[in-house]
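Residue numbers (my numbering): 32 to 208. Beta carbons are placed, not taken as given, at the ideal position from N, Cα and C, and that holds for glycine.
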Ligand SMILES: O=C(O)CCC(=O)C(=O)O
Ligand SMILES: [Fe+2]
């Protein structure tokens, strides 16, 4: 399922510009509904279905980790809304002069990432950049700023970045709650 999802993301980004033009916008708030892209529908529906199941499990685990009732985070409607990002990083001729994505933390409760086999995702841990190596079939769960704020720093939102690379393209997709 994850390989199929990454494959549709790659295929979409590699369509001729004319085929993608109707999805472009200067408005950063513009969202594309996956139903607008017929070739995506099945894979995206399947992927989102699993990500929602996983959200339920993670929400319970995080509630328990906080010493609270299992349904605590769901009852406060934490992680209710979601958005999906499907990214394509072209290969870079001079990777040491730039970054794929600069240092940031996510303004979310939780982000569930998947990346292809190219790698490049890093997290900042004790002032050191640490690789998050791609593991086929594995997702990365990242606590975001909102979760850190509502739990008074019991969970910490992790700063991360993506290196630019001379191999590529690199494909990643993530769902944010
Ligand atoms: O592409 C990735 O693996 C991560 C991208 C990212 O962290 C972001 O866009 O917030
Ligand atoms: Fe991020």
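Contact test: residue i Cβ vs ligand 1 heavy atom, cutoff 7 Å
i: residue 198; result: no
i: residue 203; result: yes
i: residue 209; result: Coverage of the chain is limited to positions 32 through 208, which leaves residue 209 absent and any answer about it impossible.
i: residue 213; result: Lying before the first or after the last residue shown, residue 213 is absent from the chain, which here runs from 32 to 208.
i: residue 59; result: no
i: residue 148; result: no
i: residue 169; result: no
Cβ pair residue i, residue j closer than 8 Å
i: residue 203; j: residue 153; result: no
i: residue 156; j: residue 173; result: no
i: residue 194; j: residue 118; result: no
i: residue 109; j: residue 181; result: yes
i: residue 139; j: residue 92; result: no
i: residue 143; j: residue 115; result: no
i: residue 113; j: residue 208; result: yes
i: residue 197; j: residue 122; result: yes
i: residue 200; j: residue 120; result: yes
First and last residue of the uninterrupted alpha helix (DSSP H) at residue i
i: residue 43; result: 33-44
i: residue 116; result: Counting along the chain, residue 116 falls outside any alpha helix (DSSP H), though it belongs to the beta strand (DSSP E) covering 114-120.
i: residue 173; result: Unbroken run through residue 173 is the beta strand (DSSP E), 171-174; no alpha helix (DSSP H).
i: residue 79; result: 72-96
i: residue 103; result: 103-106
i: residue 50; result: 48-51
Beta-bridge pairing of residue i - partner residues as DSSP gives them
i: residue 158; result: In DSSP, residue 158 forms no bridge with anything.
i: residue 206; result: 115, 143
i: residue 152; result: 193
i: residue 201; result: 120
i: residue 130; result: 194
heavy atom of ligand 2 below 7 Å from residue i C-beta
i: residue 129; result: no
i: residue 191; result: yes
i: residue 156; result: no
i: residue 176; result: no
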